[in-house]
Each structure stands twice: as structure tokens, then as C-alpha cells.
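Participant: Handing you this structure, nothing more for now.
In my numbering, the protein residues as written are 11 to 240.
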């Protein structure tokens, strides 16, 4: 939780996390498939019970946070949730319901079926990003100069490039904004790329370099607007 707390202390009100689920159905705010890379334990998260995973420490100090704890910790913050696998859907829904946080989360995934499942269960109150097909359909419409169709997604959360080819450009932004969709781009850690995308007109950046982005937004006079939105 320390990284999330640092972001809150810096003034951020939008957090982002991936979700993994243990073998006994406990939803974690955790990115990797395994514990190996960032903790002092080993094994696939989905094959281990929470009673075992709870002993893992990130950098030898921090416990892996539960999704429910993250959602409850800062009721004024919005949380973007990336659902990493099908078996994560149910526990994520449970965490959202238990914390009453449906109006301050946005759910996305690299799978349209996962996004659709969340929409079916939690209904139109739930904010979801475009699924992969929807994001590419918007890209195709922008390339072809056609009017895009509006679906249930409330924002486009996409990479700046795919395979070295620019995905987000002025035409993509124009198509998205024509539908009232803000565009959030991930994961942008280089200052020069942040500047390029902000100049282009993107609405949000996902980054691991929160301090770099904050400094840049302050320089541009955009920080207060970004941090004050709730």
C-alpha cells in the first residue's frame, strides 16, 4: 500500500491497479502472474491460498495489498482496475460491492469478455473502458474517416503505440472526443513522451513515474485541475 499512499500524499486522486486472485478467491492489488519477481516468495498467485501469499513481502517489507483494502483506504480517490484473468471477475465484483465503490472505479481488461461480464453483473453504473475490439474499432474509424459508434465504454485506455506503430494520434483523439470519450494512455514513464502526448491532447496518462508526471503538470499549470477532480 505504500506506493498508493505516496501517490495520495503527492496529491493524486486517481490510482491504478491490476488484480490477481489467490486459489481461495482473495482479490489482490497485484500485477504479476507469480510472486517471484517482486517478492521474497515464489509461485503462481492463482495456485496459492491467501494464507500463504499473505507472508510474501515486496522488497522485503510490504505485504501485497488486498483489493478491498485499497478501495476502502481512500474514499475520495478513484481507482482504475485492470482485471488480469477470468477467475478475477467474481472476487473483484465482491470487493467493489463490499466497499460501495462502484461510482469511483473504472474497470478494464485485455479481454472484451471480462469487461462485458463486469458490465452484465454491475450494470450501467459501472464505469468501464473500451474493450480491445471496441478500441480497435475506434482506431479503424479514425483511420478511415468514418463516424465511430458509441458503445457502453466510458473511456478509451490504450497504449501510445502497438508494435512501434503509433496508435494514439490526432485522428484517434478526435474520434474519441467526438463520442465524449476521454483517452487515457499507458504506461508512459519518459518525460519527453508525456510532453508529446499532453501536447497532442490526451486526457490522462498512466505512469510508474508519478513524481515526474506531477512535476511536469505543475510546470504546465495543469496539476491543480488534475488533482482536484474527484
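Each residue gets a CB set at the ideal place from its N, CA and C atoms; glycine is no exception.
Note that this is a predicted model, so its numbers are computed, not measured.
(1) Can you grab the Cα-Cα spacing for the pair residue 167 / residue 117, in whole Å?
(2) Residue 75 and residue 34 - do their beta-carbons sit closer together than 7 Å?
(3) Using the C-alpha atoms, what's the distance from residue 109 back to residue 83?
(4) Considering only C-alpha positions, which residue in the set 221, 209, 184 is nearest to residue 199?
(5) Are the stretch 227 to 236 and the stretch 34 to 52 touching, with three or more C-beta to C-beta distances below 8 Å?
(6) Which runs of the beta strand (DSSP E) fall wholly inside the stretch 155 to 229 and span at least 3 residues, in chain order?
(7) Counting Cβ pairs closer than 8 Å, one from the stretch 78 to 93 and one from the stretch 53 to 69, do we hit at least three?
(8) Name the two residues that bound the continuous alpha helix (DSSP H) containing residue 79.
(9) Would residue 172 be called buried (16 or more neighbouring beta carbons within 10 Å of its own) or exposed?
Facilitator: Quick answer:
(1) 10 Å
(2) no
(3) 10 Å
(4) 221
(5) no
(6) 166 to 169, 193 to 196
(7) no
(8) 77 to 83
(9) exposed
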